[in-house]
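*Asks:*
Structural data, given as structure tokens:
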């Protein structure tokens with residue numbers, strides 16, 4: 004903005020009161036600086052939120068993901084160390100195991116015996 008503070012009525016003050024001094028908080032340069040600082044703040048906030056989401060994803064364990072799948076009632080395909088794969092809805096998660104339900108059957112799998120797991 005290329006406004007002259009001496010030509011801007013908001014800068015000069017209230018003429019009704021007869022004020023001859025200027026309001027320092029209404030200076031056009033301060034408005035420009037405030038916009039710039041607000042923009043910088045929004046960029047920093049966005050970067051901090053992105054970093055927090057990335058850290059959360061890195062710190063999330065298999066158990067955390069299984070608990071999330073249980074809450075969402077997701078179907079899981081679990082691959083075991085025995086070469087078998089097991090399919091079922093995640094119905095329970097313990098400290099060292101997961102329970103997959105398939106119809107009226109429940110399969111208890113130890114998490115340390117899982118090679119991989121996919122969710123549908």
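In this note's numbering, the protein residues as written are 4 to 123.
The C-beta atom is built at its ideal place from N, Cα and C for all residues, glycine as well.
When you compare only the Cα positions, how much space is there between residue 176 and residue 57?
*Replies:* The structure shown does not extend to residue 176, since the chain is modelled only from 4 through 123, so no value can be given for it.
*Asks:* Alpha carbon to alpha carbon, how far is residue 122 from residue 102?
*Replies:* Residue mapping note: residue 122 aligns to position 119 of the chain shown, counting from 1. Residue mapping note: residue 102 aligns to position 99 of the chain shown, counting from 1. Roughly 14 Å between the two C-alpha positions.
*Asks:* Is residue 73 near residue 94, with beta carbons less than 8 Å apart?
*Replies:* Here the question's residue 73 lines up with position 70 in the chain shown. Here the question's residue 94 lines up with position 91 in the chain shown. Yes.
*Asks:* With C-beta atoms as the reference, is residue 91 less than 8 Å away from residue 63?
*Replies:* On the chain shown, position 88 is the one that residue 91 refers to. On the chain shown, position 60 is the one that residue 63 refers to. In this structure, residue 63 does not lie closer than 8 Å to residue 91 by Cβ.
*Asks:* Within this structure, are the beta carbons of residue 70 and residue 96 separated by less than 8 Å?
*Replies:* By 1-based counting over the chain shown, the position of residue 70 is 67. By 1-based counting over the chain shown, the position of residue 96 is 93. Closer than 8 Å, so yes.
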